[in-house]
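2 protein chains.
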Amino acid sequence: MRVDVAFIPAESVAAPTGIVIDVIRATSTICQALAAGYTRVFCTAEVEEARLLKSELEGVTLGGERLGVRIDGFDLGNSPDEYLEPRSPVLAMSTTNGTRAIVAAAERCERVLIGSLLNLDALVGAACLHDEDVVLVCAGVKGAFALDDAYVAGVIAERLGCERTDAAEAAVRLASSYATAEDAFRQSRSGRNLINNGPELEADIPRCARSSVLYVVPRFVGMHGVAAEIAAA
Amino acid sequence: MRVDVAFIPAESVAAPTGIVIDVIRATSTICQALAAGYTRVFCTAEVEEARLLKSELEGVTLGGERLGVRIDGFDLGNSPDEYLEPRSPVLAMSTTNGTRAIVAAAERCERVLIGSLLNLDALVGAACLHDEDVVLVCAGVKGAFALDDAYVAGVIAERLGCERTDAAEAAVRLASSYATAEDAFRQSRSGRNLINNGPELEADIPRCARSSVLYVVPRFVGMHGVAAEIAAA
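Just so you know, the sequences run in chain order A and B.
Residue numbers 1 to 233, in the numbering used here, belong to the letters of the first sequence in order.
Residue numbers 1001 to 1233, in the numbering used here, belong to the letters of the second sequence in order.
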């Protein structure tokens, strides 16, 4: 068993198991939503695609934000804290970076899991269950490297305890260079965006930095049109 | 002034100054060759393209290797040690990863410099002279992340002493996690390939790990057909 890391979704690395990481905040929120009782999460890159799902399906809550602000007409934003109780069976989330990474991983992996720190133990357990090579796909920001996602990739790679590629070794060393996840997140561009948008959003940094507080393994089920459908494994 | 890092050439990051790194061994060898007295180096992705240059131009030495072995009919391999004295005014090198990274950088940067540890001081001096944003483009291996190139990116980013993107911060932290460049290179896939090919090639690891022993700044001049032409700035 070997672990590799794609620091950006465009990197064409393949493995039987893919784990997508968009820790601030899409994949943290997906984990929270499924743990809370949503049965399915549809991820779309575009806002209009999420709205279309709400008009097509019954019982859909719309979640997502752009530039730190809840999208006009949406029910919820993009904070895990807004997903502690389900409002309906289905959640449709608009998340550009996260959706792109999930779709990229689905093209190259037999199974795609959703990773965050919140579900670390469950995720590592699920990945090891198959005893097959793993690639950690960082969503990044607009196609570029994101420190927060790379940090989490390093934490997961270290926990998997198997052979590492050059990229996985670099991620492990990066993660080891921070005293805490919160330190890493605060230094990242995504974390600084939250900080610059006020104390309510800043509170998502320690929230997403909690480790193994949710026992859930979100898994990509398939495409529903242009939306990536996620359910608990 | 800000420094960014593209860990793979496919990452579309742009800046006025680009520095291409393929430290084991193409960019180390280019630095050595120009410092020794070759006036121009042509880099080609394909072996046949280098052979074609030799048939077209006067006074061309052919250099390059595949899988650790000198290419059939070529004058020299890919060790900096083979380039201590010029054999002709022009060197044509076949280097797949290095050429791809140079061409990728040239598409996005006004000026492209060639980086290694051998020319570290000269390179940092040249990059700071322009006082403009810099992107460090790692050649990687077959499009994938390479620990040795990322390490050197971290050393250069730290030395530039300017604002860092997430990727540059990660590279600096990666570099800081190793006691020496040789340690990093030995752990990398490229370094292990040299080690596995015998003591003669393994000797290139400490050779490429020397810092600031050559005062040369190789610069991309332009394309000559499909070959990237490099000369000392």
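No residue lacks a Cβ here, since even glycine has one placed at the ideal position from N, Cα and C.
Look up A:F42 in the DSSP assignment and give the residues it is bridged to. DSSP, once it has assigned bridges, lists A:A92 and A:E229 as partnering A:F42.
Straight-line gap, A:A170 to A:G115 (C-alpha atoms, nearest Å): Looking at the two C-alpha atoms, the distance is approximately 19 Å.
In this structure, how does DSSP classify B:A1014 when only helix, strand and coil are distinguished? If DSSP states are grouped into helix, strand and coil, B:A1014 belongs with coil.
Under 7 Å, Cβ to Cβ, is there at least one residue of chain A near B:I1019? Not one chain A Cβ lies under 7 Å of B:I1019.
Name the residues in the segment 1047-1066 of chain B whose C-beta lies less than 9 Å from a C-beta of chain A; which are they? From the segment 1047-1066 of chain B, no residue has a Cβ closer than 9 Å to chain A.
Flag this pair as yes or no: are the beta carbons of A:N97 and A:D22 separated by less than 7 Å? Yes; because the gap between Cβ atoms is below 7 Å, this pair is in contact.
Opposing strand residues paired with A:T180 [DSSP bridges]: According to DSSP, A:T180 shares a beta bridge with no other residue.
So is B:F1145 in contact with chain A if we call contact Cβ pairs under 7 Å? By the rule that beta-carbons nearer than 7 Å mark a contact, B:F1145 touches chain A.
Classify B:E1011 as buried or exposed, calling it buried when 16 or more other Cβ atoms lie within 10 Å of its own Cβ. Counting of Cβ neighbours within 10 angstroms places B:E1011 among the buried residues, the total reaching 16 or more.
Using C-beta distances below 8 Å, list every residue in its chain close to A:V135, excluding the 5 sequence neighbours before and after it, in chain order. The beta carbon of A:V135 lies closer than 8 Å to those of V3, D4, V5, A6, V13, A14, A15, T17, G18, I19, A105, R108 and C109 in the same chain, with the five residues before and after it left out.
Closer than 9 Å at the beta carbon, the chain D residues around B:F1007: Here the protein chains are A and B, and chain D is not one of them.
B:R1173 touches chain A at which residues, Cβ-Cβ below 7 Å? Against chain A, a Cβ distance below 7 Å from B:R1173 picks out L174 and S177.
At what residues does the alpha helix (DSSP H) containing B:R1210 begin and finish? First-last for B:R1210: undefined, no H or E at that position.
CA-CA distance, A:L84 and A:S212? Computed Cα separation, rounded: 16 Å.
Are the segment 24-39 of chain A and the segment 205-219 of chain A touching by the rule of at least three beta carbon pairs closer than 8 Å? Remark: three or more beta-carbon pairs, one from each stretch, lie closer than 8 Å, so the segment 24-39 of chain A and the segment 205-219 of chain A are flagged as touching.
Please decide whether A:R189 counts as near chain B, where near means a Cβ-Cβ distance under 7 Å. Yes, contact with chain B.
Quick one: what does DSSP say B:A1127 is sitting in, helix, strand or coil? Looking at B:A1127 - three-state DSSP - the assignment turns out to be helix.
Backbone CA spacing between A:V172 and A:G140 [nearest angstrom]: Between the C-alpha atoms of A:V172 and A:G140 there is a straight-line separation of about 17 Å.
May I have the straight-line CA-CA distance separating A:D133 from A:V155, to the nearest angstrom? Cα to Cα, A:D133 sits roughly 17 Å from A:V155.
Mind checking whether B:E1182 and B:A1209 have CB atoms under 7 Å apart? Yes.
Check the Cβ-Cβ distances between B:A1150 and every residue of chain A, and say whether any is below 7 Å. Chain A contact via Cβ: present.
Presumed contact (8 Å Cβ cut-off) between A:V47 and A:K54, rounded CB distance: Going by Cβ atoms, the distance from A:V47 to A:K54 rounds to 11 Å, so no, they are not a contact pair.
Taking Cβ to Cβ, would you say A:P89 is nearer than 7 Å to A:T44? Judged by their CB atoms, A:P89 and A:T44 are not nearer to each other than the 7 Å cut-off.
Neighbour-count burial assignment, A:L91, 16 or more Cβ in a 10 Å radius: Buried is the call here.
Where DSSP assigns a beta bridge to A:L117, which residues make up the other side? Answer by DSSP bridge pairing: none, since A:L117 is not bridged.
With 16 as the cutoff for other CB atoms within 10 Å, does A:E56 come out buried or exposed? Around the CB of A:E56, fewer than 16 other CB atoms lie within 10 Å, so the residue is classed as exposed.
Measure the Cβ-Cβ separation of B:S1094 and A:D166 and say whether it is below 7 Å. Judged by their CB atoms, B:S1094 and A:D166 are not nearer to each other than the 7 Å cut-off.
Closest to B:D1131 by CA distance: which of B:D1072, B:V1137, B:R1111 and B:A1146 is it? Closest option to B:D1131, Cα to Cα, is B:R1111.
Classify B:A1105 as helix, strand or coil using the three-state DSSP reduction. In this structure, B:A1105 counts as helix in the three-state DSSP scheme.
Determine the extent of the alpha helix (DSSP H) in which B:R1159 is found, giving its start and end residues. For B:R1159, the enclosing alpha helix (DSSP H) starts and ends at L1147 to L1160.
Need the endpoints of the beta strand (DSSP E) that A:P218 sits in, please. First-last of the beta strand (DSSP E) with A:P218: P218 to H224.
Can you give me the start and stop residues for the alpha helix (DSSP H) that B:G1191 sits inside? B:G1191 -> alpha helix (DSSP H) spans R1189 to N1196.
Locate the beta strand (DSSP E) running through B:L1136, then write down its first and last residues. First-last of the beta strand (DSSP E) with B:L1136: V1134 to C1138.
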